[in-house]
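Enquirer:
Residue numbers (this note's numbering): 26 to 217.
1. Taking a contact to mean a Cβ-Cβ separation below 8 Å, would you say residue 219 touches residue 66 in this structure?
2. Mind checking which residues open and close the beta strand (DSSP E) that includes residue 18?
3. I need the straight-line Cα distance from residue 34 to residue 63, nearest angstrom please.
4. Are there 16 or more other CB atoms within 10 angstroms of the CB of residue 191, so buried, or fewer, so exposed?
5. With distances taken between CB atoms, is the gap from residue 142 to residue 111 smaller than 8 Å?
6. In whole angstroms, what is the alpha-carbon distance linking residue 70 and residue 128?
7. For the putative contact between residue 188 and residue 151, defined by C-beta atoms under 8 Å, what is the C-beta separation to the nearest angstrom?
8. Is the stretch 67-87 touching the stretch 130-144, taking contact as three or more C-beta pairs under 8 Å?
9. Taking Cβ to Cβ, would you say residue 104 is nearer than 8 Å to residue 32?
10. With distances taken from CA atoms, which of 109, 98, 81 is nearest residue 183?
11. Go ahead and pull the three-state DSSP assignment for residue 115.
12. Below 8 Å on the Cβ atoms is my guess for residue 159 versus residue 140; work out the distance and round it to an integer in Å.
13. In the DSSP output, what is residue 182 paired with across the bridge?
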């Protein structure tokens, strides 16, 4: 029996981004794999009564996948992949899936003071905590999913693992041999 964590749902976005570095035949293979994995990740959400994914799923041989760890702590990985796939393919399906997931957060996780995770995605029993990455990553990727491509364009920016955009800085061929950081000579320090 195989197991997959929702945390692994960053992989479709990673594969989609990486597919750009290959020739036509190979690029399509990687993009197709990314889209298939994204479908699986989206179905993590669709497989529960709350339409929110559990923490991980088992894939019993010859049977449908089943949620094995039932909590949802508002993770960003699936939304992150949907964002990359939307930006790279223009396929509106990824926006629709993102909207469906957002609506499930609104229905099941919204409280007066913010959003909370679920102890059980089958019953909708809430916990009492909003993880910081929900604001820093999940909502950011949802915002970007519905923003025009001119907002943080992927040919000018990359995101680190915490969803922070970093400007791509290109260097001239002469600068490629230089050190990234300037070495500052040690200075004498008097200890009193």
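Idealized CB from N, CA, C, for every residue including glycine.
Expert: Taking the geometry as given:
1. Limits of the chain in this structure are 26 at one end and 217 at the other, which puts residue 219 out of reach.
2. The question about residue 18 has no answer here: the residues shown for the chain are numbered 26 through 217.
3. Looking up residue 34 in the chain shown gives position 9. Looking up residue 63 in the chain shown gives position 38. Approximately 7 Å, taken between the alpha carbons.
4. Counted from its first residue, the chain shown places residue 191 at position 166. Under this definition residue 191 is an exposed residue.
5. Numbered from 1 along the chain shown, position 117 holds the residue referred to as residue 142. Numbered from 1 along the chain shown, position 86 holds the residue referred to as residue 111. For residue 142 and residue 111, no; Cβs fall outside 8 Å.
6. Counted from its first residue, the chain shown places residue 70 at position 45. Counted from its first residue, the chain shown places residue 128 at position 103. The alpha-carbon atoms of residue 70 and residue 128 are separated by roughly 11 Å.
7. Here residue 188 is taken as the residue at index 163 of the chain shown, counted from 1. Here residue 151 is taken as the residue at index 126 of the chain shown, counted from 1. Between residue 151 and residue 188 the Cβ distance is about 24 Å, and since that is not below 8 Å, they are no contact.
8. yes
9. Position 79 of the chain shown, counted from the start, is the residue given in the question as residue 104. Position 7 of the chain shown, counted from the start, is the residue given in the question as residue 32. No; because the gap between Cβ atoms is not below 8 Å, this pair is not in contact.
10. Start at 1 with the first residue of the chain shown, and residue 183 comes out as number 158. The residue with the shortest Cα to Cα distance from residue 183 is 109.
11. For this step, residue 115 is matched to residue 90 along the chain shown. Looking at residue 115 - three-state DSSP - the assignment turns out to be coil, as it is neither helix nor strand.
12. On the chain shown, position 134 is the one that residue 159 refers to. On the chain shown, position 115 is the one that residue 140 refers to. So it is a contact: roughly 6 Å between Cβ atoms.
13. As a position in the chain shown, residue 182 is number 157, starting the count at 1. DSSP lists 192 as partners of residue 182.
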